[in-house]
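K.L.:
The following block contains the structure, expressed as structure tokens.
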Amino acid sequence: MRMFKNLFIPVVLVIIVWFSGSFADPAVETIHRVENFGVNIFILETKSALYLIDAGYPQFQEKIIKKIKSLNKLLRLILLTHAHYDHFGNVLPLKNFSGAKVAIHQADSQALCDGFTDLTNVRGFGHVGRGILPLAEKVLKPQVCAPDLILHDNDTLDEYGIRIRVVHTPGHTRGSCTFILQDSIAFVGDLFVTYPDFCKQHFYANSWEQIDSSSVKLLRYSFVLAYAGHRGITADRQLIEKLVNFRPPH
Ligand SMILES: [Zn+2]
0 MRMFKNLFIP VVLVIIVWFS GSFADPAVET IHRVENFGVN IFILETKSAL YLIDAGYPQF
60 QEKIIKKIKS LNKLLRLILL THAHYDHFGN VLPLKNFSGA KVAIHQADSQ ALCDGFTDLT
120 NVRGFGHVGR GILPLAEKVL KPQVCAPDLI LHDNDTLDEY GIRIRVVHTP GHTRGSCTFI
180 LQDSIAFVGD LFVTYPDFCK QHFYANSWEQ IDSSSVKLLR YSFVLAYAGH RGITADRQLI
240 EKLVNFRPPH
């Protein structure tokens with residue numbers, strides 16, 4: 000009986016604090032988009048923290064830092080959709096500024112450590128991008144670091160205070176991932192592109208076959224809206240279904 004009395008007050012306090020919402024609330028209230036030369040950097044804002052999706056081109060971090068400072072909350076995670084220099088270029092200065100943990104899929108983690116952008120197979124405009132890559136890397140000097148958190152297919156990030164599911168969607172790179180927020184918004188990275196309109200990646204691939212199979216895989220998950228890694232254009236689920244199921248005439 001005495002033991003029950005000793006435990007009664009702490010247990011009641013925990014229940015009150017829990018229901019008053021004083022613990023980290025995982026619901027994202029606002030999604031902020033910072034554009035960095037056509038690359039989307041998303042800042043997901045919950046009641047108590049911020050989470051970044053991608054870090055943009057190297058050397059242009061001031062705009063991102065200014066936005067994070069204006070929100071005045073702790074940046075907990077920097078999630079990278081894949082290891083390409085226009086998405087990881089500022090990861091080190093952003094980590095140093097905020098102390099946030101950097102997360103990337105296991106299959107892209109070595110490329111991130113090495114600052115390596117793999118443009119194995121290209122089509123169309125992709126030839127231009129691959130041609131200027133060595134010069135761009137020399138001038139812009141990506142600032143990278145080893146990841147703190149290695150992601151795997153179907154991981155969830157609840158323990159970091161946010162309801163995100165990691166879906167491994169390789170094809171653009173070996174470790175490309177889609178991050179699905181609260182079963183409603185899919186951040187697809189470069190699995191889809193927005194040039195000229197929202198469509199499946201057709202410029203750069205580690206494996207074109209995997210671009211197709213990852214697009215099909217994505218439809219196994221619940222979401223209503225998709226954001227690609229470039230430009231502020233969104234696609235609803237119906238459009239993604241149409242794009243995934245489209246077969247060009249032979
Ligand atoms: Zn890319």
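In terms of numbering that gives the first Met the number 0, the sequence shown opens at residue 0 and continues consecutively.
For glycine and all other residues, C-beta sits at the position ideal for the given N, C-alpha and C.
Between H81 and ligand 1, is there a pair consisting of the residue's CB and a ligand heavy atom that are separated by less than 7 Å?
P.N.:
Correct: H81 has its Cβ closer than 7 Å to ligand 1.
K.L.:
Can you pull the DSSP bridge partners for K100?
P.N.:
Paired residue(s): L76.
K.L.:
Pick from Q58, V27 and V121: whose alpha carbon is nearest that of A204?
P.N.:
Closest by alpha carbon: V121.
K.L.:
Pick from K46, V243 and H151: whose alpha carbon is nearest that of D211?
P.N.:
Of the candidates K46, V243 and H151, the one whose C-alpha sits nearest the C-alpha of D211 is V243.
K.L.:
Quick one: what does DSSP say S21 is sitting in, helix, strand or coil?
P.N.:
Because the pLDDT of S21 is 40, which lies under 50, any placement of that residue in the model is unreliable, and the number read from its coordinates should be weighed accordingly. Coil.
K.L.:
Bridge partners of D235, per DSSP?
P.N.:
According to DSSP, which records beta bridges pairwise, D235 is partnered with L224.
K.L.:
What separation, rounded to the nearest whole angstrom, lies between the Cα atoms of I184 and I163?
P.N.:
So the two alpha carbons sit approximately 9 Å from each other.
K.L.:
Ligand 1 and D107: does any heavy atom of the ligand fall closer than 7 Å to the residue's C-beta?
P.N.:
Result no, Cβ not under 7 Å from ligand 1.
K.L.:
Return the CA-CA distance between K100 and T80, expressed in angstroms with no decimal places.
P.N.:
Between K100 and T80, the C-alpha separation is close to 14 Å.
K.L.:
R164 lies in the beta strand (DSSP E); which residues open and close that run?
P.N.:
Note, R164: beta strand (DSSP E), I163 to H167.
K.L.:
Would the region 43 to 51 and the region 63 to 75 be scored as touching if the rule is three or more Cβ pairs under 8 Å?
P.N.:
Cβ pair count under 8 Å is three or more, so yes.
K.L.:
Can you determine whether any heavy atom of ligand 1 sits closer than 7 Å to the C-beta of D189, and answer yes or no?
P.N.:
True, at least one ligand heavy atom lies under 7 Å from that Cβ.
K.L.:
Who does I63 pair with in a DSSP beta bridge?
P.N.:
According to DSSP, which records beta bridges pairwise, I63 is partnered with nothing at all.
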